[in-house]
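Residue numbers (this note's numbering): 248 to 425. Below: the structure, in structure tokens.
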């Protein structure tokens, strides 16, 4: 399990650089590529092993990440040197969350019983955006168990307007009235 304090420290340091250089978007992309190489790629186990000289592993990073900025390649090498390659995805996730805060972006998950059309989805996004005064990025999910209505998850907040919950509440009220 990744150490969240370590991930936060690295992410904050990168965020400071990204803000100073006005390269938040570039860092988002570059960190995703670094995390993929160090955690999810076929090369990840080889890069993490100390049985291969570090100079050769650095060369793999230079070749595989030649398209990213030099600071991102240096960051990948630092994680390799400090034996923290497994932290790369956690660092990327923390960085993206911090960058979202700076850019005024929130993420909402919209769960419905049936698929929403584009017009309805955009209307819901606009309502959330207006209510929070933030840009909203949504993902939608279908859950047949809802029966009808909508559930919206934003961070730790849950807005449950589902028919399933209304029926459950009604059932509990009727059971309590006996």
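For glycine and all other residues, C-beta sits at the position ideal for the given N, C-alpha and C.
Item                                                                                                              : Value
Cβ contact (3+ pairs, closer than 8 angstroms) linking the stretch 285–298 and the stretch 379–391                : no
Ordered list of alpha helix (DSSP H) runs contained in the stretch 300–387, each at least 4 residues              : 301–311, 317–328, 335–350 and 365–379
Residues sharing a beta bridge with residue 228, DSSP                                                             : Since the displayed the chain opens at 248 and closes at 425, residue 228 lies outside it and no answer follows.
Where the alpha helix (DSSP H) containing residue 276 begins and where it ends                                    : 271–282
Residue 341 to residue 252 span [Cα, whole Å]                                                                     : 10 angstroms
Within 8 angstroms, strictly: CB atoms of residue 346 and residue 285                                             : no
Terminal residues of the alpha helix (DSSP H) in which residue 268 lies                                           : 251–268
When 289, 315, 255 and 304 are compared against residue 276, the one with the closest alpha-carbon                : 315
Stretch-stretch touch, CB-based, cutoff 8 angstroms, three pairs: the stretch 300–319 with the stretch 360–376    : no
With 16 other Cβ atoms within 10 Å as the buried cut-off, status of residue 409                                   : buried
Separation of residue 373 from residue 364, as counted between CA atoms                                           : 14 angstroms
Which listed residue (325, 268, 394 and 353) has its alpha carbon closest to that of residue 403                  : 353
Range covered by the alpha helix (DSSP H) that runs through residue 285                                           : No alpha helix (DSSP H) holds residue 285; DSSP gives it neither H nor E.
Beta-carbon gap between residue 280 and residue 312 smaller than 8 angstroms                                      : yes
Three-state class that DSSP yields for residue 290 in the structure shown                                         : coil
Option in 355, 257 and 349 with minimal Cα separation from residue 329                                            : 257
Neighbourhood of residue 385 by C-beta, 6 angstroms cutoff - its chain only, sequence neighbours within 5 removed : 355, 357 and 372
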